[in-house]
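2 protein chains.
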Amino acid sequence: MWRLYQFPLCPFSRKVRLLMGEKQIAYDMVREDPWAASDAFWNLNPAGRTPVLVEEVRGITLADSRAICEYLEETCEKTPMINGPAVMRAEIRRLVALFDENFYADVTAPLLSERMKKRLVLRQPPDSRALREAMKMAHGHLDYMDWLIDNRPWLAGSTMSLADLAAAAQISVADYLGGIDWNGHEQTRGWYAVFKSRPSFRPLLTERMDVIKPPAHYALVDM
Amino acid sequence: MWRLYQFPLCPFSRKVRLLMGEKQIAYDMVREDPWAASDAFWNLNPAGRTPVLVEEVRGITLADSRAICEYLEETCEKTPMINGPAVMRAEIRRLVALFDENFYADVTAPLLSERMKKRLVLRQPPDSRALREAMKMAHGHLDYMDWLIDNRPWLAGSTMSLADLAAAAQISVADYLGGIDWNGHEQTRGWYAVFKSRPSFRPLLTERMDVIKPPAHYALVDM
Ligand SMILES: N[C@@H](CCC(=O)N[C@@H](CS)C(=O)NCC(=O)O)C(=O)O
Ligand SMILES: N[C@@H](CCC(=O)N[C@@H](CS)C(=O)NCC(=O)O)C(=O)O
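In structure tokens form, the structure reads like this:
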């Protein structure tokens with residue numbers, strides 16, 4: 001059985017969980033707080049980052065969410081998520097990188113730092129300028145997603161792909177932390193509502209972090 | 001013919017160039033300075049980042065170096081670089097991510113910022129504390145590489161892979177900017193010397209940035 005070392009508000013862990021959910025691969029979870037990673041965890045992943053996926057019986061340790069997703073895609077044929085001809089697969093991977101890197105750096109990471117790390121670790125109030133800037137950047141990214149969805153049924157093309165999972169993972173964390181203002185983003189809001197009702201997404205939406213509460217609309221499927 | 005939009009000291013552009021060199025895929029180059037990217041370039045890549053690989057006749061535009069490398073690997077069988085069983089491929093991709101993300105963030109990016117951007121764009125002197133910190137982080141990464149090479153002929157296993165190209169790309173930029181102290185890293189130095197003599201690497205090593213000069217040992221194969 002797979003064991004996922006993850007953190008509830010880590011968007012990369014969420015992307016892997018969404019993919020394993022869609023592929024119906026069973027796993028259990030170990031919570032690992034990245035800011036207090038144990039030596040044992042550093043031994044699993046020299047980058048000291050969540051997620052890490054382990055299969056003890058077969059002696060497999062996988063780190064880096066994109067490497068993990070490629071592995072799951074190569075070894076489990078069910079519900080392919082990096083599919084189609086090479087150009088389409090390149091488009092899926094370009095968008096995964098855009099959400100993993102740019103959306104994360106512009107939006108999710110500053111929100112995690114201001115709304116979670118300062119609260120749980122540093123015991124400081126959030127910096128309201130940094131929060132405003134992250135929310136402004138979120139609008140820019142949602143504008144681009146609106147444009148994609150105007151032109152294609154799913155973010156990368158005609159079928160759901162890892163690009164949709166990567167985007168939903170980032171957005172769900174940003175939305176949990178109150179960083180998404182949905183006004184004016186009807187296309188993306190519609191796309192996200194469909195997503196929220198998928199069985200792969202339900203377990204993520206019902207989880208709560210101890211002290212940090214999401215806004216009321218967070219887990220509602222029709223919002 | 002492929003056209004690569006790239007920047008000489010961009011390690012991600014270098015990784016793609018090394019892969020195209022190893023696979024003997026022909027391309028020409030357009031220099032794009034990421035800090036002064038044109039509107040036309042933003043249209044090619046909404047992330048505004050180098051590298052971008054274009055094939056005009058077939059209407060193909062690829063962005064993100066990892067998506068580009070996966071595409072080249074899928075479409076060109078010559079000299080496979082993401083090879084072997086799924087666990088090996090996952091190990092290659094884990095290491096690519098480690099160099100692309102951690103080595104870059106810890107070492108290459110601060111060196112580029114202090115030694116290149118401050119000089120060419122901001123016209124400020126470098127911050128010597130930031131430089132010292134980047135060089136200290138470089139030692140940590142080279143220690144890990146020494147350990148890998150003690151245990152395996154190449155970074156990811158028994159054959160050369162994209163992990164080696166990703167590492168060489170980052171190290172070559174850091175070395176150009178004077179950020180690598182080779183003392184005490186005999187294993188990695190030996191691995192890198194082999195690399196420097198490869199035909200795919202020679203064109204990179206002979207290029208010079210206008211005002212910024214590399215240290216004397218930079219292009220020497222026996223150093
Ligand atoms: N490229 C990695 C990024 C993972 C990542 O940044 N995880 C965060 C938590 S959301 C982390 O562990 N940060 C701690 C650190 O970077 O030291 C992946 O896709 O798995
Ligand atoms: N994940 C991207 C990263 C590319 C990247 O960061 N390129 C740098 C130059 S080395 C850049 O264009 N930076 C400008 C920016 O991020 O705005 C890739 O692998 O292609």
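Residue numbers (the UniProt record's numbering), protein chains in the order written: chain A, 1 to 223; chain B, 1 to 223.
For each residue, glycine too, the CB sits at the ideal point set by N, CA and C.
Computed from a predicted model, the values in this text were never measured in an experiment.
Practice prompt. For the beta strand (DSSP E) holding R3 of chain A, just list the boundary residues, first then last.
Written response: Indexing the first sequence from 1 puts residue 3 of chain A at position 3. W2 to Q6 is the span of the beta strand (DSSP E), which, as asked, contains R3 of chain A.
Worksheet item: Got a sec? Which residues, its chain only, sit under 6 angstroms from V54 of chain B by beta carbon, not counting five neighbours each side?
Response: As a working mapping, residue 54 of chain B is identified with position 54 in the second sequence. Excluding sequence neighbours, V54 of chain B sits near R3 and T61.
Worksheet item: Quick one: does the C-beta of D106 of chain B sit closer than 7 angstroms to a heavy atom of ligand 1?
Response: Sequence index remark: in the second sequence, residue 106 of chain B carries index 106 (1-based). Relative to ligand 1, the beta carbon of D106 of chain B is positioned no closer than 7 angstroms to any heavy atom.
Worksheet item: Using a Cβ-Cβ cut-off of 7 angstroms (strictly less than) and excluding sequence neighbours within five positions of D28 of chain B, which residues of its own chain qualify?
Response: As a first step, residue 28 of chain B must be located in the second sequence, where it is residue number 28. For D28 of chain B, same chain residues with a beta-carbon under 7 angstroms away, outside a window of 5 residues either side, are M1 and R3 in chain order.
Worksheet item: Say the cut is 7 angstroms; is the CB of R17 of chain B nearer than that to a heavy atom of ligand 2?
Response: On the second sequence, position 17 is the one that residue 17 of chain B refers to. Checking every heavy atom of ligand 2 against the Cβ of R17 of chain B, none is found closer than 7 angstroms.
Worksheet item: Can you find a C-beta in chain A that's less than 8 angstroms from the C-beta of N102 of chain B?
Response: The residue you call residue 102 of chain B lines up with position 102 of the second sequence. Taking Cβ atoms only, chain A reaches closer than 8 angstroms to N102 of chain B, which makes this a yes.
Worksheet item: Is the Cβ-Cβ distance between A156 of chain B and I68 of chain B less than 8 angstroms?
Response: Reading the second sequence from its first residue, position 156 is the one you call residue 156 of chain B. Reading the second sequence from its first residue, position 68 is the one you call residue 68 of chain B. The Cβ atoms of A156 of chain B and I68 of chain B do not sit closer than 8 angstroms to each other.
Worksheet item: Would you report the Cα separation of E56 of chain A and K78 of chain A, rounded to the nearest angstrom?
Response: Reading the first sequence from its first residue, position 56 is the one you call residue 56 of chain A. Reading the first sequence from its first residue, position 78 is the one you call residue 78 of chain A. If you draw a straight line from the Cα of E56 of chain A to the Cα of K78 of chain A, it is about 23 angstroms long.
Worksheet item: Any idea if K15 of chain B is buried or exposed, counting beta-carbon neighbours within 10 angstroms, 16 or more meaning buried?
Response: Taking the first residue of the second sequence as 1, we reach residue 15 of chain B at position 15. Around the Cβ of K15 of chain B, a 10 Å sphere holds 16 or more other Cβ atoms; the residue is buried.
Fill in: Buried/exposed call for P51 of chain A, threshold 16 Cβ in 10 Å
The residue labelled residue 51 of chain A in the question sits at position 51 within the first sequence. P51 of chain A is buried by the Cβ-count criterion.
Practice prompt. Sort out for me which residues DSSP pairs A63 of chain A with in a bridge.
Written response: Residue numbering aside, residue 63 of chain A sits at position 63 when the first sequence is read from its first letter. Paired residue(s): A:V52.
Discussion item. Below 8 angstroms, how does it come out for the region 163-171 of chain B and the region 185-201 of chain B: are there three or more Cβ pairs, yes or no?
Written reply: The region 163-171 of chain B is in contact with the region 185-201 of chain B.
Discussion item. Across the region 70-88 of chain A and the region 143-152 of chain A, are there enough close Cβ pairs to call them in contact, namely three or more that are closer than 8 angstroms?
Written reply: Using a C-beta cut-off of 8 angstroms, the region 70-88 of chain A makes no contact with the region 143-152 of chain A, since fewer than three inter-stretch Cβ pairs fall below that distance.
Item to complete: Closer than 8 angstroms, Cβ to Cβ, to anything on chain A: give me those residues from the region 60-75 of chain B, in chain order.
Response: With the criterion set as a beta carbon lying under 8 angstroms from some beta carbon of chain A, the members of the region 60-75 of chain B are I60, L62, A63, D64, R66, A67, I68, E70, Y71, E74 and T75, in sequence order.
Worksheet item: Looking at P34 of chain B and F12 of chain B, is the spacing between their C-beta atoms short of 8 angstroms?
Response: As a position in the second sequence, residue 12 of chain B is number 12, starting the count at 1. As a position in the second sequence, residue 34 of chain B is number 34, starting the count at 1. For the 8 angstroms CB-CB criterion, F12 of chain B and P34 of chain B do not form a contact.
Practice prompt. Could you tell me whether any non-hydrogen atom of ligand 1 is closer than 7 angstroms to the CB of F12 of chain A?
Written response: In the first sequence, counting from the first residue as 1, residue 12 of chain A sits at position 12. Checking every heavy atom of ligand 1 against the Cβ of F12 of chain A, one is found closer than 7 angstroms.
Practice prompt. Determine which residues of the region 30-48 of chain A have a Cβ less than 7 angstroms from any Cβ of chain B, and write them out in chain order.
Written response: For the region 30-48 of chain A, the set of positions with a beta-carbon nearer than 7 angstroms to some beta-carbon of chain B reads P46 and A47 in chain order.
Worksheet item: Which ranges would you report for the alpha helix (DSSP H) in the UniProt domain "GST C-terminal" (85-216) of chain A if only whole runs of at least 4 residues count?
Response: The UniProt domain "GST C-terminal" (85-216) of chain A contains these whole alpha helix (DSSP H) runs: 86-97, 128-151, 162-176, 186-196 and 202-206.
Worksheet item: Can you name the start and end residues of the alpha helix (DSSP H) that residue 227 of chain B belongs to?
Response: Residue 227 of chain B falls outside the range modelled here, since chain B spans only 1 to 223, and no answer is possible.
Item to complete: Enumerate in chain order the residues of its own chain whose CB-to-CB distance from D164 of chain A is below 6 angstroms, with the five nearest sequence positions on each side excluded.
Response: On the first sequence, position 164 is the one that residue 164 of chain A refers to. Closer than 6 angstroms at the Cβ level, and outside the excluded window around D164 of chain A, lie W154 and L155.
Fill in: Nonlocal neighbours in the same chain, by C-beta distance under 7 angstroms from D127 of chain A, ignoring five residues either side
The residue given as residue 127 of chain A occupies position 127 in the first sequence. Counting only Cβ-Cβ distances below 7 angstroms, and skipping sequence neighbours, we find E114.
Worksheet entry | Three-state class that DSSP yields for D39 of chain B in the structure shown | As a working note, residue 39 of chain B is residue 39 in the second sequence. Looking at D39 of chain B - three-state DSSP - the assignment turns out to be helix.
Fill in: Touch test, the region 124-138 of chain B against the region 203-211 of chain B, Cβ-Cβ under 8 angstroms, three pairs minimum
Contact fails: fewer than three Cβ-Cβ distances are below 8 angstroms.
Fill in: Candidates A:H217, A:Q24, A:V221 and A:V211: closest to L9 of chain A by CA position
Position 9 of the first sequence, counted from the start, is the residue given in the question as residue 9 of chain A. Comparing Cα positions, the closest option is A:V211.
Worksheet item: Which term fits A105 of chain A, buried or exposed, when burial requires 16 or more other beta carbons within 10 angstroms of its beta carbon?
Response: In the first sequence, the residue the question calls residue 105 of chain A occupies position 105. Looking at its Cβ environment, which holds fewer than 16 other Cβ atoms inside 10 Å, A105 of chain A is exposed.
Item to complete: Kindly indicate which three-state DSSP category Y71 of chain B falls into: helix, strand or coil?
Response: The count along the second sequence starts at 1 and reaches residue 71 of chain B at position 71. Under the three-state reduction of DSSP, Y71 of chain B is assigned to helix.
Fill in: Contact belief for D134 of chain B with G179 of chain B at Cβ below 8 angstroms, rounded distance in angstroms
The residue labelled residue 134 of chain B in the question sits at position 134 within the second sequence. The residue labelled residue 179 of chain B in the question sits at position 179 within the second sequence. This sequence places Ala at residue 134 of chain B; Asp is not what is there. A134 of chain B to G179 of chain B, Cβ: 6 angstroms. Contact.
Worksheet item: So, does the CB of A90 of chain B fall closer than 8 angstroms to a CB anywhere in chain A?
Response: Locating residue 90 of chain B in the second sequence gives position 90, where the first residue counts as 1. At least one chain A Cβ lies under 8 angstroms of A90 of chain B.
Worksheet entry | Sub-8 angstroms separation of F201 of chain B and L18 of chain B beta-carbons | Here residue 201 of chain B is taken as the residue at index 201 of the second sequence, counted from 1. Here residue 18 of chain B is taken as the residue at index 18 of the second sequence, counted from 1. Their beta carbons are under 8 angstroms apart, which means F201 of chain B touches L18 of chain B by this criterion.
Discussion item. Let me see if you follow: with CB-CB separation under 8 angstroms, is L98 of chain B close to chain A or not?
Written reply: Here residue 98 of chain B refers to the residue found at position 98 when the second sequence is read from its first residue. The Cβ of L98 of chain B sits closer than 8 angstroms to at least one Cβ of chain A.
Fill in: 8 angstroms Cβ cutoff met for K117 of chain A and P125 of chain A
For the purposes of this step, residue 117 of chain A is taken as residue 117 along the first sequence, with counting starting at 1. For the purposes of this step, residue 125 of chain A is taken as residue 125 along the first sequence, with counting starting at 1. At the C-beta level, K117 of chain A and P125 of chain A stay beyond 8 angstroms of one another.
Worksheet entry | A37 of chain A beta carbon less than 8 angstroms from that of A63 of chain A | Locating residue 63 of chain A in the first sequence gives position 63, counting from the first residue. Locating residue 37 of chain A in the first sequence gives position 37, counting from the first residue. By the CB criterion at 8 angstroms, A63 of chain A and A37 of chain A fall outside the cutoff.
Item to complete: Could you tell me which residues DSSP puts in a beta bridge with D28 of chain B?
Response: In the second sequence, the residue the question calls residue 28 of chain B occupies position 28. Paired residue(s): B:R3.
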